[in-house]
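Worksheet: the structure to be examined is printed underneath.
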Amino acid sequence: MADTFQESLPDGSTVIPVILGSDKTMLSTLSGNKSAWPVYLSIGNLSKVKRRSVKSNGLVLIGLLPRCPNGPKTHTIKIAYQESMATMLRPLEQPAKSGIKVLCADGRTRHANPRIASFLADYPEQYNITGVKYGRCPRCEIDSDDMPGFNRRPR
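Numbering (the numbering used here), first residue to last: 290 to 444.
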């Protein structure tokens, strides 16, 4: 078995690291509490200068998750968030498995496989995507009593 994803690819293939990001955004302050979660995609082999530049299109909006109205249980909101993310990322499933032909900057065509490398998000987004109990760490098993500031729910 290959030690890394790169080693499992055919000779001459390359990995396209996919970076995802999400952060709750206020849409309107005039008509009440209207917010949503924009989901952005970038690729990891862009320099950070290109990725952050507005004119380079290095960051692409792939979806906008609306805020669930008051009423649904927290579990329902997490399931809706996860299903929405799965739907947005479904177009990457087949290319990740079989690869795609990509024209590179040097003019050569290469076989490439996109792979989710990172999901950049604040605690509320990590909480929704991982499905952990609020106040728990989405990466480890630390107790909520040992995490100052995370023992209460956000408003």
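Glycine included, C-beta positions come from ideal geometry on N, C-alpha and C.
Give the straight-line distance between the Cα atoms of residue i and residue j, rounded to the nearest whole angstrom.
i, j, result
"Gly301", "Ala406", "20 Å"
"Leu298", "Glu382", "15 Å"
"Thr314", "Leu348", "16 Å"
"Asn402", "Val338", "24 Å"
"Pro380", "Cys429", "30 Å"
"Asn346", "Glu296", "30 Å"
"Arg444", "Leu330", "Any reading at Arg444 needs caution, since the residue's pLDDT is 47, under 50, leaving its predicted position unreliable; the model's value is listed next. Near 28 Å, if we compare the C-alpha coordinates of Leu330 and Arg444."
With a CB to CB cut of under 6 Å and the five nearest residues on each side skipped, what residues in its chain are close to residue i?
i, result
"Arg399", "Thr303, Val391, Cys393"
"Ser317", "Lys323"
When the distance is taken between beta carbons, is residue j closer than 7 Å to residue i?
i, j, result
"Ile332", "Ile368", "no"
"Ala325", "Leu353", "yes"
"Leu309", "Phe408", "yes"
So, at 8 Å on beta carbons, what are the nonlocal neighbours of residue i in its own chain, with the 5 sequence-adjacent residues on each side left out?
i, result
"Val328", "Leu309, Gly310, Ser311, Leu350, Ile351, Gly352, Leu353, Leu354, Met374, Met377"
"Arg404", "Phe294, Val304, Ile305, Pro306, Val307, Ala385"
"Arg397", "none"
So, at 7 Å on beta carbons, what are the nonlocal neighbours of residue i in its own chain, with the 5 sequence-adjacent residues on each side left out?
i, result
"Gly388", "Ser302, His400, Ala401, Asn402"
Determine whether the Cβ of residue i lies closer than 7 Å to any Cβ atom of chain C.
i, result
"Ile405", "The structure shown contains no chain C; it holds only a single protein chain."
- Query: Are the region 372-385 and the region 331-342 touching, with three or more C-beta to C-beta distances below 8 Å?
  - Reply: no
- Do the region 407-415 and the region 390-399 meet, that is, are 3 or more Cβ pairs less than 8 Å apart? no
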